[in-house]
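Chemist:
Residue numbers (the working numbering): 213 to 442.
Structure, rendered in structure tokens:
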């Protein structure tokens with residue numbers, strides 16, 4: 213993906229710089245013309261998604277730039293702010309933009325707008341006063357180190373998945389291998405009514421389900437035979 217531009221003389225170098233400046237300025241003007249004053253930029257696989265010249269022109273146009281948004285977060289951000297992502301200037305129109313009360317960049321405090329909050333060495337963008345907010349929420353997870361932070365994120369994700377499943381399927385069953393044992397009991401009763409080869413599949417399935425609780429006890433470091441004798 214690397215490209216090389218070979219310039220033979222100083223006149224050609226000046227021409228390349230002028231063309232680059234005019235090209236970037238034209239892009240920034242189109243962004244400003246669409247009514248955008250806060251630009252969210254996805255993180256690029258290249259070193260920089262925006263050049264210093266582009267940032268200079270955007271600052272001159274009074275357009276706030278939020279860089280390095282992860283690709284997996286783009287859909288969430290768009291749904292939260294009521295905007296649509298655009299891959300080119302052809303898609304960058306006023307109807308694709310979201311709307312908020314105000315946007316400004318600060319380091320501390322709070323306001324009804326988009327603000328940059330600094331916590332230690334990390335920065336977070338907070339957006340409030342959105343005209344058409346989506347049904348989303350942001351949870352900030354903090355930890356003493358990366359390992360603790362990743363474990364807290366996994367635990368939170370598991371808890372949210374449990375709530376999601378409960379909302380989608382409003383039913384509860386007992387835990388502790390109770391469903392497997394109940395199913396094994398019912399299959400055992402059913403298999404006793406059958407004879408010959410028809411009874412064997414049910415019995416084998418019951419044996420498999422019965423082994424689940426043994427595995428659970430072994431995982432908990434309990435003596436299986438002692439637990440069963442009780």
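All residues carry an ideal CB built from backbone N, CA and C; glycine is no exception. Bear in mind that the values here come from a model prediction, so they are computed numbers and not experimental data.
Check the C-beta distance from residue 312 over to residue 343 and give it rounded, since I have them as a contact under 8 Å.
Modeler: The residue given as residue 312 occupies position 100 in the chain shown. The residue given as residue 343 occupies position 131 in the chain shown. Their Cβ separation, rounded to whole angstroms, is 7 Å, which keeps residue 312 and residue 343 in contact under 8 Å.
Chemist: Please give the ranges of any alpha helix (DSSP H) in the stretch 361-436, keeping only runs that are unbroken, at least 4 residues long and fully inside the region.
Modeler: As far as the stretch 361-436 is concerned, its whole alpha helix (DSSP H) runs of at least 4 residues are 390-404, 411-431.
Chemist: With the cut-off set at 8 Å, would you say residue 240 and residue 273 are in Cβ contact?
Modeler: Residue mapping note: residue 240 aligns to position 28 of the chain shown, counting from 1. Residue mapping note: residue 273 aligns to position 61 of the chain shown, counting from 1. Contact: yes.
Chemist: Which stretch, first to last residue, makes up the beta strand (DSSP E) that contains residue 226?
Modeler: The residue given as residue 226 occupies position 14 in the chain shown. No beta strand (DSSP E) holds residue 226; the alpha helix (DSSP H) holding it covers 222-245.
Chemist: Which term fits residue 255, buried or exposed, when burial requires 16 or more other beta carbons within 10 angstroms of its beta carbon?
Modeler: Residue numbering aside, residue 255 sits at position 43 when the chain shown is read from its first letter. Classification of residue 255: exposed, given that the 10 Å Cβ count is below 16.
Chemist: Pop quiz: residue 291 and residue 346 are said to be a contact at Cβ under 8 Å. What is the actual Cβ separation, rounded to whole angstroms?
Modeler: Stepping through the chain shown from its first residue, residue 291 is reached at position 79. Stepping through the chain shown from its first residue, residue 346 is reached at position 134. With a Cβ gap of about 4 Å, residue 291 and residue 346 count as contacting.
Chemist: CB residue 368 to CB residue 349, shorter than 8 Å?
Modeler: Within the chain shown, the letter at position 156 stands for residue 368. Within the chain shown, the letter at position 137 stands for residue 349. Their beta carbons are not under 8 Å apart, which means residue 368 does not touch residue 349 by this criterion.
Chemist: Report the option in 261, 270, 265 whose CA atom is closest to the CA atom of residue 242.
Modeler: Along the chain shown, one-based indexing puts residue 242 at 30. Answer by Cα proximity: 270.
Chemist: Tell me the DSSP secondary structure of residue 313 in three-state form.
Modeler: Along the chain shown, one-based indexing puts residue 313 at 101. Residue state, collapsed to three classes: coil.
Chemist: Does residue 388 pass the burial test, meaning 16 or more other C-beta atoms within 10 Å, or should it be called exposed?
Modeler: Taking the first residue of the chain shown as 1, we reach residue 388 at position 176. The residue in question, residue 388, is exposed, as its Cβ has fewer than 16 Cβ neighbours within 10 Å.
Chemist: Would the beta-carbon of residue 233 fall within 8 Å of that of residue 265?
Modeler: On the chain shown, position 21 is the one that residue 233 refers to. On the chain shown, position 53 is the one that residue 265 refers to. Yes, the pair counts as a contact, with Cβ atoms nearer than the cut-off.
Chemist: Provide the residue span of the alpha helix (DSSP H) that contains residue 274, from first to last.
Modeler: Sequence index remark: in the chain shown, residue 274 carries index 62 (1-based). Neither: residue 274 is in no alpha helix (DSSP H) and is coded neither H nor E.
Chemist: Pick out the complete alpha helix (DSSP H) segments inside the stretch 276-311, 4 residues or longer, and give them in chain order.
Modeler: Taking only runs of at least 4 residues, the alpha helix (DSSP H) segments lying wholly in the stretch 276-311 are 283-293.
Chemist: For residue 229 and residue 281, I'd like the C-alpha separation in whole angstroms.
Modeler: One-based indexing of the chain shown puts residue 229 at position 17. One-based indexing of the chain shown puts residue 281 at position 69. For residue 229 and residue 281, the distance between alpha carbons rounds to 29 Å.
Chemist: Which residues bound the beta strand (DSSP E) around residue 254?
Modeler: As a working mapping, residue 254 is identified with position 42 in the chain shown. Residue 254 -> beta strand (DSSP E) spans 250-254.
Chemist: So, residue 262 versus residue 279, is the Cβ gap smaller than 8 Å?
Modeler: If you number the chain shown from 1, residue 262 lands on position 50. If you number the chain shown from 1, residue 279 lands on position 67. Against a cut-off of 8 Å, the Cβ pair of residue 279 and residue 262 comes out as a contact.
Chemist: So residue 403 and residue 418 are in contact, right, with Cβ under 8 Å, and what is the actual spacing, rounded?
Modeler: Residue mapping note: residue 403 aligns to position 191 of the chain shown, counting from 1. Residue mapping note: residue 418 aligns to position 206 of the chain shown, counting from 1. Indeed they touch by this definition, with Cβ atoms about 7 Å apart.
Chemist: Around the Cβ of residue 414, are there at least 16 other Cβ atoms within 10 angstroms (buried) or fewer (exposed)?
Modeler: As a working mapping, residue 414 is identified with position 202 in the chain shown. So residue 414 ends up on the buried side.
Chemist: Could you name the residues of the same chain whose beta carbon sits closer than 8 Å to that of residue 400, not counting the 5 residues immediately before and after it, in chain order?
Modeler: Within the chain shown, the letter at position 188 stands for residue 400. Excluding residues within five positions, the ones whose Cβ falls inside 8 Å are 414, 415, 418.
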